[in-house]
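Inspection log for the structure reproduced underneath, given as structure tokens.
Protein chains in written order, with the working numbering: chain A, 15 to 177; chain B, 168 to 280.
The following block contains the structure:
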């Protein structure tokens, strides 16, 4: 049976952290994917200082995230969309953390150890049991179910006004 | 392993400063990029956040697979798109009844907000 590509790869964290020069430079190159830039030009268009730009670009090159030719850096056009999605995901994850409250058991270090992973048992699930779980969590006709929920809400609101 | 609709997953801090955050996957295979990117709603254990209008309460042992850390609240107003590789693990899976309550909260937010 064919396996999903996600079953075959490791979920390595993205090797660039937000709010760093590497992040700024990579974002700039992804946004301007049709062009290559020297470190000096990248510094001119970002918050990166000219003295840091060369080292920043060398690190991105070593990490295999950008290409280099004649002292000019660029992202491979075929990879630009993928890189953009990863950068957007990092921004999204950052927002999740910014929105999170401090008075939260999930903010305590090690909470994951008290809630074991179900990854292994899921991998052992046969297609039959997986289908059974899917039947529990998937509405038969999501569109009709959504319409019913909206009607229910509208009725609640109407009844609330009558009350 | 790809994640599924209703999965409760942990998302690591991109800054590596804080413990990961839990979230529930609300997208499914009919959504573009499913398996590569997922739409998730944040989960909190904060009672203070649980008192807000659209928070959806979920009991600790309510998931059909796995459990939660404690009584938790899904926050429909904190919805994001996260890449597959930015998810660390899967800890539980919500049942259809739970997902229906979340759907109702989204609908209420859109209709009455």
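Glycine included, every Cβ here is placed at the ideal spot set by N, Cα and C. Bear in mind the structure is a predicted one, so any value in this text is a computation, not a measurement.
In this structure residue 106 (chain A) does not touch residue 193 (chain B) by the C-beta definition: roughly 14 angstroms separates them, more than the 8 angstroms allowed. For residue 216 (chain B), the uninterrupted alpha helix (DSSP H) run begins and ends at 214–217, by DSSP.
Neighbours of residue 229 (chain B) in chain A, taken as residues at a C-beta separation under 7 angstroms, are lacking, since the least C-beta distance is about 12 angstroms.
The beta-bridge partner set that DSSP reports for residue 225 (chain B) consists of B:239. The Cβ neighbour count for residue 76 (chain A), taken over all protein chains shown within 10 Å, is under 16; the residue is labelled exposed.
In the DSSP annotation of this structure, the continuous segment of the beta strand (DSSP E) that includes residue 258 (chain B) starts and ends at 256–260.
The beta-carbon of residue 32 (chain A) is placed less than 7 angstroms from the nearest beta-carbon of chain B. Here the alpha carbons of residue 83 (chain A) and residue 64 (chain A) stand approximately 19 angstroms from one another.
Counting other Cβ atoms within 10 Å of its Cβ, residue 278 (chain B) stays below 16 and is therefore classed as exposed.
In terms of Cα proximity to residue 214 (chain B), the closest of B:180, B:198, B:239 is B:239.
Using a Cβ distance threshold of 7 angstroms, residue 164 (chain A) and residue 259 (chain B) do not count as a contacting pair.
When CB distances to chain A are screened at a threshold of 9 angstroms, the residues of the region 201–223 of chain B falling below it are 202, 203, 204, 207, 209, 210, 211, 212, 213, 214, 215, 216, in chain order. Following the DSSP letters along the chain, one finds residue 177 (chain B) inside the beta strand (DSSP E) bounded by residues 174–178.
Checking the DSSP bridge columns, you'll see residue 36 (chain A) has no partner listed. Secondary structure at residue 246 (chain B): strand, using DSSP grouped into helix, strand and coil. Following the DSSP letters along the chain, one finds residue 112 (chain A) inside the alpha helix (DSSP H) bounded by residues 91–113. Among the bridge pairs identified by DSSP, residue 192 (chain B) is matched with B:207.
Residue 83 (chain A) has A:86 as its beta-bridge partners, per DSSP. Put simply, the backbone Cα of residue 252 (chain B) is about 18 angstroms away from that of residue 126 (chain A).
A distance below 8 angstroms between beta-carbons, with the five flanking residues on each side excluded, links residue 203 (chain B) to the following residues of its chain, in chain order: 250, 251. The C-alpha of residue 114 (chain A) lies about 36 angstroms from the C-alpha of residue 88 (chain A). Of all C-beta pairs linking the region 168–185 of chain B to the region 92–112 of chain A, three or more are shorter than 8 angstroms, placing the two stretches in contact. Collapsing the DSSP output to three states places residue 61 (chain A) in coil. Taking C-beta separations shorter than 7 angstroms and ignoring five residues to either side along the sequence, the partners of residue 31 (chain A) in its chain run 37, following chain order. Look at residue 100 (chain A): its C-beta is under 7 angstroms from a C-beta on chain B. Any Cβ of chain A closer than 7 angstroms to the Cβ of residue 225 (chain B) would place that residue at the interface, and such an atom is absent.
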